[in-house]
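Undergrad: Residue numbers (the working numbering): 8 to 253.
The beta carbon of each residue, even a glycine, is placed where N, CA and C say it ideally should be.
Below is a structure I'd like to ask you about.
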Amino acid sequence: MNDAFGIIVIGDEILNGRRRDRHFEALGGMLRERGFGVAWLRILPDDPDYLAAELGRTMAEGRPVFCCGGIGATPDDHTRACAARAARVDLQMHPEAVAEIEGRFGKDAYPHRIRMAELPRGSEIIPNPYNRIPGFSINHHYFMPGFPDMAHPMAAWVLDERYAAGGSYERQRSVLVRGVPESALMELMQTLTQKFPDAKLFSLPRLGEEFQIEIGFRGVGSLRAPFEALTRGLTKLNVRYDLHDG
Numbered sequence: 008m009n010d011a012f013g014i015i016v017i018g019d020e021i022l023n024g025r026r027r028d029r030h031f032e033a034l035g036g037m038l039r040e041r042g043f044g045v046a047w048l049r050i051l052p053d054d055p056d057y058l059a060a061e062l063g064r065t066m067a068e069g070r071p072v073f074c075c076g077g078i079g080a081t082p083d084d085h086t087r088a089c090a091a092r093a094a095r096v097d098l099q100m101h102p103e104a105v106a107e108i109e110g111r112f113g114k115d116a117y118p119h120r121i122r123m124a125e126l127p128r129g130s131e132i133i134p135n136p137y138n139r140i141p142g143f144s145i146n147h148h149y150f151m152p153g154f155p156d157m158a159h160p161m162a163a164w165v166l167d168e169r170y171a172a173g174g175s176y177e178r179q180r181s182v183l184v185r186g187v188p189e190s191a192l193m194e195l196m197q198t199l200t201q202k203f204p205d206a207k208l209f210s211l212p213r214l215g216e217e218f219q220i221e222i223g224f225r226g227v228g229s230l231r232a233p234f235e236a237l238t239r240g241l242t243k244l245n246v247r248y249d250l251h252d253g
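Written out as structure tokens, the structure reads:
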């Protein structure tokens with residue numbers, strides 16, 4: 008298994024500045040939490056020839072890729088057809104996708120919405136808990152809508168179902184502590200370091216209007232136990248903190 012994913016965001020609206028990308032930060036966070044890395048990010052235009060060529064190149068890498076955008080039913084949604092071109096297969100009605108779309112819209116699925124069930128031959132669907140219009144996967148590429156509220160739960164499903172074992176990249180979990188000097192936390196940090204020698208504890212002061220410390224653990228294995236011990240220790244000391252995803 009490749010431990011670093013690619014991320015593709017499709018849409019002229021990102022490139023022309025009318026919308027801000029919200030996928031990289033969220034998907035990157037999901038991946039890092041599970042021990043995976045981000046190999047690259049590409050923002051691609053709604054240009055069928057360019058998009059098909061880029062998908063052909065990324066499919067040839069054999070790397071898992073999250074691809075967000077362009078799988079709707081309007082004339083500017085080219086991703087389904089371009090994915091089929093890149094995979095060198097035809098588009099065909101996917102029975103499970105048809106069932107989901109009909110189940111959501113009934114007779115109103117026709118004649119337009121049902122087009123979103125036209126997927127590259129050999130695809131598997133990705134469930135969409137938001138509105139039941141599924142995404143799809145082919146050649147280790149996971150195609151999801153451009154809307155973050157839909158795409159991010161779908162990406163989490165992919166990771167939990169297809170990559171549950173996790174990756175070997177170093178994970179990190181941390182909190183932001185406010186208004187407390189490092190010296191006040193030294194005893195707690197020493198105790199945690201001794202108790203969890205396989206996890207790397209770190210403490211990073213942040214200067215600004217309010218003094219903060221990012222404190223947490225890095226490591227390849229699970230960080231649940233040391234991180235919970237850290238938050239329990241801070242709570243016992245009556246230290247204010249916020250969870251930090253960076």
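1) Using the Cα positions of residue 12 and residue 73, report the straight-line distance between them to the nearest angstrom.
2) Taking 8 Å as the threshold, find out whether the segment 143–154 comes into contact with the segment 189–196 through three or more Cβ pairs.
3) When the Cβ atoms of the segment 98–115 are set against those of the segment 73–85, are three or more pairs found closer than 8 Å?
4) Should the segment 170–183 be regarded as contacting the segment 212–228, the criterion being three or more beta carbon pairs within less than 8 Å?
5) Go ahead and pull the three-state DSSP assignment for residue 213.
6) Give a yes or no on contact between the segment 28–48 and the segment 154–166, applying the rule of three or more CB pairs nearer than 8 Å.
7) Please state whether the Cβ-Cβ distance between residue 48 and residue 21 is less than 9 Å.
8) What's the C-alpha gap between residue 162 and residue 155?
9) List the residues that DSSP assigns as beta-bridge partners of residue 225.
10) In the DSSP assignment, what residue or residues form a beta bridge with residue 11?
11) Give me the residue from 199, 247, 128, 150 with the minimum Cα distance to residue 185.
TA: Taking the structure as given:
1) Taking the straight line from one Cα to the other gives about 7 Å.
2) When C-beta atoms of the segment 143–154 are compared with those of the segment 189–196, fewer than three pairs fall below 8 Å, so the two segments do not count as touching.
3) With a cut-off of 8 Å on Cβ pairs, the segment 98–115 is not in contact with the segment 73–85, counting fewer than three such pairs.
4) Flag = yes, the segment 170–183 and the segment 212–228 touch.
5) Annotated three-state conformation of residue 213 is strand, per DSSP.
6) Contact check between the segment 28–48 and the segment 154–166: three or more CB pairs, one atom from each, fall below 8 Å, which counts as touching.
7) Contact flag unset, no.
8) Between the C-alpha atoms of residue 162 and residue 155 there is a straight-line separation of about 10 Å.
9) Per DSSP, the beta bridge partners of residue 225 are 179, 207.
10) Partner(s): 44.
11) Ranking 199, 247, 128, 150 by CA distance to the CA of residue 185 puts 247 first.
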